[in-house]
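Colleague:
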Amino acid sequence: MATPAEKPASKYDDYDYPTTAPEAQPGHPGHTSPEQDAKVDQLRSELEQEGYVERLDTLTLLRFLRARKFDVAATKAMFIASEKWRKEFGTDDLAATFEYPEKPAIFNYYPQYYHKTDKDGRPVYIEKYGRIDLTAMSKITTDERMLKNLVTEYEKCADPRLPACSRKAGKLLETCCSIMDLKGVGITSMPSVYGYLSRASAISQNYYPERLGKLYLINAPWGFSTVFSVVKGFLDPVTVEKIHVLGSGYQNELLKQVPAENLPKEFGGSCQCEGGCEYSDAGPWQEAEWAKPPKWAAPKEDKTAIQNEEPGVEQKTETQDASQPVA
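Numbering of the sequence shown is given in full-length UniProt numbering, commencing with residue 1 and proceeding in unit increments.
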């Protein structure tokens with residue numbers, strides 16, 4: 001089986017962090033078969049022929065291929081649909097330009113934030129559904145701006161959050177540990193927020209595949225487990241394994257995955273960030289030893305330089321080995 005150091009890197013593979021997945025799962029970076037490598041090359045070649053020159057790096061293409069079980073035709077359709085959406089939504093410029101001054105006011109009704117890391121080194125993402133009040137929020141902002149904020153955070157998760165976490169952990173980290181607090185949510189109240197949440201979920205599944213590491217649904221209301229047992233019948237078994245539905249006694253289970261010092265006190269941890277954990281954005285991406293400027297912050301002439309290269313030209317550079325953290 002080829003390793004990242006043995007296989008010539010694509011000209012698109014410009015990484016400054018480890019690129020081997022920590023677990024030897026089929027189809028994951030550093031653990032691909034020759035057949036899977038060939039499908040990456042085929043997909044990249046077909047996309048280049050369609051005129052695409054961005055997001056053709058190996059890690060991105062592998063994520064899309066895994067999401068479609070390495071069916072190249074289906075993956076190509078997914079990728080093209082994603083690029084169409086990015087253009088229409090203005091995604092490429094959001095991380096650098098989007099401002100969200102209403103965030104503190106919105107957080108009174110719908111806190112959603114990244115906060116430190118779990119025991120595997122992945123970013124922890126937290127949402128509190130029980131306080132969602134769409135009527136109050138509509139007086140402060142719009143669904144469209146909320147979605148733009150969500151997408152901005154997805155972009156920032158991809159860079160700089162995950163690269164910084166990978167450098168600190170000394171291994172490739174592509175996923176997040178998510179905590180969804182359902183306290184205060186009743187089964188009957190869910191339809192009132194279903195529209196927004198369904199759009200948000202569609203963005204995650206269709207345009208940011210393979211980003212879920214673990215999902216903890218805590219403070220699940222009575223009857224939720226029964227409903228979820230029906231829903232999970234329609235989900236991919238791999239996804240189902242990542243989801244943990246917990247009631248009010250969730251703390252011990254959650255602390256097995258998230259260190260107490262990284263978990264906000266309100267969820268059973270010991271962290272009390274100055275000014276509030278939900279506003280701190282604390283994590284390796286804020287630590288000088290591991291953080292680097294995100295690529296989306298680079299001047300456009302630097303980001304588009306790769307378009308001047310001949311498609312299909314391979315660079316003979318070695319990929320950073322996962323065992324060597326990048327300072």
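Ideal placement from N, C-alpha and C gives every residue a C-beta, glycine not left out.
None of the values given here were measured: they were computed from a predicted structure.
Under a Cβ-count criterion, where at least 16 other Cβ atoms within 10 Å of its own Cβ denotes burial, should K119 be classed as buried or exposed?
Modeller: Position 119 of the sequence shown, counted from the first residue, corresponds to residue 119. K119 is exposed by the Cβ-count criterion.
Colleague: Excluding the five sequence neighbours on either side, which residues of its own chain have a C-beta within less than 6 Å of the C-beta of Y12, listed in chain order?
Modeller: Start at 1 with the first residue of the sequence shown, and residue 12 comes out as number 12. Excluding sequence neighbours, Y12 sits near L56 and D57.
Colleague: To which residues of the same chain is Y17 closer than 6 Å at the C-beta, ignoring the five residues directly before and after it?
Modeller: By 1-based counting over the sequence shown, the position of residue 17 is 17. Within the same chain, Y17 has close Cβ partners P163, S166, R167 and V326.
Colleague: Among K265, V151, P237 and A282, which one has its Cα closest to the Cα of T97?
Modeller: Walking along the sequence shown from the start, residue 97 turns up at place 97. Selected option, being the one with the closest Cα: V151.
Colleague: Return the residue from the list L172, S138, I203 and A169 that minimises the CA-CA distance to L147.
Modeller: Indexing the sequence shown from 1 puts residue 147 at position 147. Here the closest residue by C-alpha is I203.
Colleague: What did DSSP end up calling P114 once you bin it into helix, strand or coil?
Modeller: If you number the sequence shown from 1, residue 114 lands on position 114. For the sequence presented, residue 114 should be read as Tyr rather than Pro. Note: Y114 maps to strand in three-state DSSP.
Colleague: Could you give the distance in angstroms between the alpha-carbon of H244 and the alpha-carbon of L217?
Modeller: Position 244 of the sequence shown, counting from 1, holds the residue named residue 244. Position 217 of the sequence shown, counting from 1, holds the residue named residue 217. Taking the straight line joining both Cα atoms gives about 6 Å.
Colleague: Please return the same chain residues whose Cβ sits closer than 6 Å to the Cβ of K183, not counting the five positions on each side in sequence.
Modeller: Taking the first residue of the sequence shown as position 1, residue 183 is located at position 183. Closer than 6 Å at the Cβ level, and outside the excluded window around K183, lie G130 and N219.
Colleague: Does DSSP put I80 in a helix, a strand or coil?
Modeller: As a position in the sequence shown, residue 80 is number 80, starting the count at 1. Three-state result, I80: helix.
Colleague: For the beta strand (DSSP E) that contains V240, what are its first and last residues?
Modeller: On the sequence shown, position 240 is the one that residue 240 refers to. Taken as a continuous stretch (DSSP letters only), V240 belongs to no beta strand (DSSP E), being part of the alpha helix (DSSP H) at P237 to V240.
Colleague: Where does I132 sit, in a helix, a strand or coil, going by DSSP?
Modeller: For the purposes of this step, residue 132 is identified with residue 132 of the sequence shown, where counting begins at 1. Of the three classes helix, strand and coil, the one that applies to I132 here is coil, per DSSP.
Colleague: Under DSSP, the alpha helix (DSSP H) around V185 begins and ends at which residues?
Modeller: Residue mapping note: residue 185 aligns to position 185 of the sequence shown, counting from 1. Looking at the DSSP string, V185 is not in any alpha helix (DSSP H), and its letter there is neither H nor E.
Colleague: Once the 5 residues before and after F89 are set aside, which same chain residues still bring their CB inside 7 Å of it?
Modeller: If you number the sequence shown from 1, residue 89 lands on position 89. The residues are V151.
Colleague: Rounded to a whole number of angstroms, what is the C-alpha to C-alpha distance between G170 and K265?
Modeller: To locate residue 170, count along the sequence shown from 1; it is residue 170. To locate residue 265, count along the sequence shown from 1; it is residue 265. Cα to Cα, the separation comes out at about 28 Å.
Colleague: Any idea what DSSP makes of I306, helix, strand or coil?
Modeller: Translated into the one-based positions of the sequence shown, residue 306 becomes position 306. Confidence is the limiting factor: at I306 the pLDDT is only 47, short of 50, which leaves the residue's position unreliable, though a coordinate-based value still follows. If DSSP states are grouped into helix, strand and coil, I306 belongs with the helices.
Colleague: Taking Cβ to Cβ, would you say T19 is nearer than 9 Å to L172?
Modeller: Taking the sequence shown and counting its residues from 1, one reaches residue 19 at position 19. Taking the sequence shown and counting its residues from 1, one reaches residue 172 at position 172. Yes.
Colleague: To the nearest angstrom, how far is the alpha carbon of A9 from that of P29?
Modeller: Numbered from 1 along the sequence shown, position 9 holds the residue referred to as residue 9. Numbered from 1 along the sequence shown, position 29 holds the residue referred to as residue 29. Computed Cα separation, rounded: 12 Å.
Colleague: Is N149 near K84, with beta carbons less than 9 Å apart?
Modeller: As a first step, residue 149 is located in the sequence shown; it is residue number 149 there, counting from the start. As a first step, residue 84 is located in the sequence shown; it is residue number 84 there, counting from the start. In this structure, K84 does not lie closer than 9 Å to N149 by Cβ.
Colleague: Mind checking W290: buried by the 16 CB within 10 Å criterion, or exposed?
Modeller: By one-based count along the sequence shown, residue 290 stands at place 290. Buried, by the Cβ-count rule.
Colleague: Please state if the CB of W296 and the CB of R161 are separated by a distance shorter than 9 Å.
Modeller: Translated into the one-based positions of the sequence shown, residue 161 becomes position 161. Translated into the one-based positions of the sequence shown, residue 296 becomes position 296. Not closer than 9 Å, so no.
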